[in-house]
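Below you'll find the structure, written out as structure tokens, and then a few comments.
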């Protein structure tokens with residue numbers, strides 16, 4: 001199983017699938033189709049049924065039940081795209097067999113993956129690790145989830161004595177840019193409940209995530225030749241910088257942890273005539289999220305008192321909400337997953353996700369969907385890595401969840 005997981009991970013991570021937040025196509029980047037078509041070929045070769053790759057880039061397939069018992073249909077979901085926050089092209093994975101501790105040289109860049117900076121490495125002595133070469137992200141987020149799902153299904157096929165109900169698998173696109181559920185057809189997927197395989201270190205079991213909004217603050221200027229600009233030029237970029245400096249410095253990702261929310265400056269673009277500042281707003285509580293949005297509007301209002309009402313505008317768009325609002329009514333999902341982990345000698349870690357998954361939006365669309373660990377760490381950058389041993393443990397947990405669904409008394 002471990003070698004199969006490694007082979008799948010290496011195969012998938014070397015396919016460029018970065019999503020594009022500026023694109024309006026579905027999916028947002030054509031290269032995501034490359035992995036989807038490969039996965040369709042693989043699930044066909046595995047003999048799965050009800051295989052469908054829809055025009056929006058959602059791949060669904062089924063493993064039929066092997067018992068005669070009425071059960072909820074269980075879904076397993078992962079996403080094919082990688083984050084646009086860092087280079088995802090020409091990924092060159094490094095495999096470290098039986099990690100002995102200490103620094104790992106990322107050959108392509110001269111950087112080191114160090115347990116001083118990333119102490120979780122100290123828990124992985126003896127494991128097989130996969131890292132980047134320092135020139136790209138790895139893409140374990142979430143290609144490890146794909147590998148785990150298909151390896152679990154493959155194991156169930158090879159071991160028909162393990163009872164299970166009908167299992168639906170789903171591979172989605174554009175999760176990293178918040179659009180993964182935009183065109184997800186819950187009815188066509190046909191599962192009653194599901195798990196996403198999109199978590200991090202060993203034991204993560206998450207049924208709570210950030211509430212999330214995206215904000216764009218636009219400033220309007222006046223472009224004049226700088227040689228004759230006195231009293232005439234209005235520099236939108238300068239006003240954008242002023243806006244950012246007016247925000248509290250303690251509300252950033254770098255100054256927050258646990259259940260603390262934040263306002264993150266995500267990008268600035270434009271010129272003298274027009275400039276846009278992009279923010280992401282995150283909080284576990286809806287009231288705090290609304291307060292962050294009000295802070296942006298109040299800050300603009302302060303500047304409008306100086307520069308006039310037409311100097312700028314704030315636009316806020318909802319991205320996703322805390323899935324705990326839905327999952328509190330589906331306690332058996334967490335119960336089954338916790339028991340499956342403990343039977344594998346894993347202590348569940350129920351810390352909330354300081355981020356989001358497809359499952360958060362899917363839960364509000366009628367598909368309750370907690371999130372499970374994959375073993376990956378330091379996502380979205382050159383220091384991303386994953387333990388293949390932890391991937392194997394995640395696969396065994398998924399297999400046991402499928403078995404426990406078959407045994408569970410849903411009438412109690």
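Residue numbers (the UniProt record's numbering): 1 to 412.
Glycine residues also receive a C-beta, built at the ideal position from the N, C-alpha and C atoms.
### Task
Measure the CB-CB distance between residue 18 and residue 82 and report whether it falls below 8 Å.
Along the chain shown, read from residue 1 onward, the residue named residue 18 stands at position 18. Along the chain shown, read from residue 1 onward, the residue named residue 82 stands at position 82. In this structure, residue 82 lies closer than 8 Å to residue 18 by Cβ.
### For residue 111: DSSP bridge partner residues
Within the chain shown, the letter at position 111 stands for residue 111. Its beta-bridge partners are 106.
### Query
What separation, rounded to the nearest whole angstrom, lies between the Cα atoms of residue 312 and residue 219?
Along the chain shown, read from residue 1 onward, the residue named residue 312 stands at position 312. Along the chain shown, read from residue 1 onward, the residue named residue 219 stands at position 219. Rounded to the nearest angstrom, the two C-alpha atoms are 4 Å apart.
### Task
Please state if the CB of residue 91 and the CB of residue 136 are separated by a distance shorter than 8 Å.
In the chain shown, residue 136 corresponds to position 136, counting from 1. In the chain shown, residue 91 corresponds to position 91, counting from 1. Cβ distance < 8 Å, so residue 136 and residue 91 count as in contact.
### Query
Around the Cβ of residue 57, are there at least 16 other Cβ atoms within 10 angstroms (buried) or fewer (exposed)?
Residue numbering aside, residue 57 sits at position 57 when the chain shown is read from its first letter. That one is buried.
### Task
With a 10 Å radius around its C-beta and 16 neighbouring C-beta atoms as the bar for buried, classify residue 15 as buried or exposed.
For the purposes of this step, residue 15 is taken as the residue at position 15 of the chain shown. Residue 15 comes out buried.
#### Entry: Outcome for residue 179 when other beta-carbon atoms lying within 10 angstroms are tallied against a minimum of 16
Your numbering for residue 179 matches position 179 in the chain shown. Residue 179 should be labelled buried.
### Query
Along the chain, where does the alpha helix (DSSP H) that runs through residue 310 open and close?
Position 310 of the chain shown holds residue 310. Counting along the chain, residue 310 falls outside any alpha helix (DSSP H), and DSSP gives it neither H nor E.
### Pairwise C-alpha distance: residue 363 and residue 410
Position 410 of the chain shown, counting from 1, holds the residue named residue 410. Position 363 of the chain shown, counting from 1, holds the residue named residue 363. Their backbone Cα atoms lie some 19 Å apart in a straight line.
### Query
Taking C-beta to C-beta, are residue 366 and residue 186 nearer than 8 Å?
Position 366 of the chain shown holds residue 366. Position 186 of the chain shown holds residue 186. In this structure, residue 186 lies closer than 8 Å to residue 366 by Cβ.
#### Entry: Whether residue 408 touches residue 327 by CB criterion (8 Å)
Walking along the chain shown from the start, residue 408 turns up at place 408. Walking along the chain shown from the start, residue 327 turns up at place 327. No, the pair does not count as a contact, with Cβ atoms beyond the cut-off.
### Task
Using beta-carbon positions only, say whether residue 371 and residue 357 come within less than 8 Å of one another.
Here residue 371 is taken as the residue at index 371 of the chain shown, counted from 1. Here residue 357 is taken as the residue at index 357 of the chain shown, counted from 1. Contact flag set, yes.
### Query
With burial defined as no fewer than 16 other Cβ atoms inside 10 Å of the residue's Cβ, what is the status of residue 314: buried or exposed?
Here residue 314 refers to the residue found at position 314 when the chain shown is read from its first residue. Classification for residue 314: buried.
### Query
Excluding the five sequence neighbours on either side, which residues of its own chain have a C-beta within less than 6 Å of the C-beta of residue 31, listed in chain order?
Translated into the one-based positions of the chain shown, residue 31 becomes position 31. Excluding sequence neighbours, residue 31 sits near 16 and 17.
### Message
For residue 167 and residue 156, I'd like the C-alpha separation in whole angstroms.
### Response
Counted from its first residue, the chain shown places residue 167 at position 167. Counted from its first residue, the chain shown places residue 156 at position 156. The alpha-carbon atoms of residue 167 and residue 156 are separated by roughly 11 Å.
### Query
DSSP state of residue 195, grouped into three classes?
Within the chain shown, residue 195 is the residue found at index 195, counting from 1. Residue state, collapsed to three classes: strand.
#### Entry: CB of residue 100 within 8 Å of CB of residue 125, strictly
For the purposes of this step, residue 100 is taken as residue 100 along the chain shown, with counting starting at 1. For the purposes of this step, residue 125 is taken as residue 125 along the chain shown, with counting starting at 1. Closer than 8 Å, so yes.
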